[in-house]
Amino acid sequence: MTTESPSQIETPSQTESPSPIIHVQTENPGFNAGVILTETNYDTWSQIIEMQIAGREKLDYIIGNSPQPDAKDPSYSKWYAENQKIKGWLLTSMNSEIMKRYLRLRTAREIWSALAKAFYDGSDETKIFALNQRAFSIRQSNRPLPTYYGELVEIFQELDYRDNVKMRDPEDLIMYKRAVEKLRTHIFLNGLDAEFEQVQGEILRMDPSLDLESSYAYVRREANRRLLLNKDMTTSDSMAITRYSAPYIAVTAAE
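See the structure below:
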């Protein structure tokens, strides 16, 4: 019995199909971003891809700092190989419908720029307004504390990403960040359920004041303490009921 070698390549007659099919490699052994570009997740996708490419020290190829050399230049072959590799990273991190739109672009920089234009979602000011509106309106509403806090943090990180405030004096920048941090702490405290009203007051009276993460940690400790206390009380009540319940004795009238 003959076993076919895994490295054996099928002939064109064996693989021929009536129309070309584009396959998306979901697990690229050289580059696995962990996210595939769709029509709705460009903001998240672009940030993750940029981090991945920067971590491989290839960011210049998508931001335009590594222009194409002349074809006769000795460095052209290396540039071309690197450019093709990064194009592959970008294209195999898209779904098939999006990938087909950018497959013929020559450089990784062209693909990156074209994507930014295609997925531009309007003025940053409009987006910032919508994010602030969400932050001010979010409430815990009996949800788990980590869920509520995580939703706020996601909004705040998106706001930081879009924040274009520039200041000449470093001291002014420090003061600005402190003011933003205080506002976000107040937003977090304001959205907590009523059961944490006392904790809100404790945090607001602290000097120096707590930042957002420290405030969350303080509230979380209190929530965990109450949870343990309630469990202990429930256990104690159950034991007391079992211990002091009088046994049922059937009494019959004497004849």
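Mind the numbering: the sequence shown is residues 1 to 255 in the UniProt record's numbering, read in order. All C-beta atoms in this analysis are idealised placements derived from N, C-alpha and C, irrespective of residue type, glycine included.
Checklist entry - Count the other CB atoms within 10 Å of the CB of Met206; is the residue buried (16 or more) or exposed (fewer)? => result When all chains shown are included, Met206 counts as exposed.
Checklist entry - Which residues in the same chain as Val180 place their Cβ atom closer than 7 Å to its Cβ, once the five residues preceding and following it in sequence are excluded? => result In the same chain as Val180, and ignoring 5 residues on each side of it, no C-beta atom comes closer than 7 Å to its own.
Checklist entry - Leu37 by DSSP, collapsed to three states: which one? => result Strand, per DSSP.
Item to check | Residues of its chain near Ser66, where Cβ-Cβ distance is below 6 Å and the 5 sequence neighbours each way are ignored | outcome: Counting only residues of its own chain and dropping the five nearest sequence neighbours on each side, Ser66 has a CB closer than 6 Å to the CB of Asp60.
Item to check | Burial state of Leu173 (16 or more Cβ within 10 Å) | outcome: Burial call: exposed.
Checklist entry - If we count the other Cβ atoms within 10 Å of its Cβ and call it buried at 16 or more, is Met167 buried or exposed? => result Classification for Met167: exposed.
Checklist entry - Sorry if obvious, but does the Cβ on Lys127 come closer than 7 Å to a heavy atom of the ligand MN? => result With respect to the ligand MN, the structure shown offers nothing to examine, as it has no ligands at all.
Item to check | Own chain residues within Cβ distance below 6 Å of Glu255, not counting five before or after | outcome: Legend: pLDDT at Glu255 = 47, less than 50; position of this residue unreliable, no value from coordinates given.
Next on the checklist: Buried or exposed, going by whether 16 or more other CB atoms sit within 10 Å of the CB of Gly191?
Outcome noted: Result: buried.
Next on the checklist: Can you confirm whether the segment 144-158 touches the segment 73-91 when touching is taken to mean that 3 or more C-beta pairs between the two stretches lie within less than 8 Å?
Outcome noted: Counting Cβ pairs under 8 Å, fewer than three are found: no touch.
Checklist entry - To the nearest angstrom, how far is it from the Cα of Asn95 to the Cα of Lys182? => result Whole-angstrom Cα-Cα distance: 41 Å.
Checklist entry - Looking at C-alpha atoms only, which residue of Leu115, Ala223 and Ile128 is the closest neighbour of Asn164? => result Looking only at Leu115, Ala223 and Ile128, the smallest Cα-Cα distance to Asn164 is reached by Ile128.
Checklist entry - Are the segment 124-141 and the segment 71-85 touching by the rule of at least three beta carbon pairs closer than 8 Å? => result Touching, no.
Next on the checklist: Rounding to the nearest angstrom, what Cα-Cα distance links Tyr218 and His186 in this structure?
Outcome noted: C-alpha separation (whole angstroms): 14 Å.
Checklist entry - Going by beta carbon distance, what residues of the same chain come within less than 7 Å of Leu212, once the five residues before and after it are set aside? => result For Leu212, where only same-chain residues beyond five positions count, the Cβ hits under 7 Å are Glu181, Arg184, Thr185 and Phe188.
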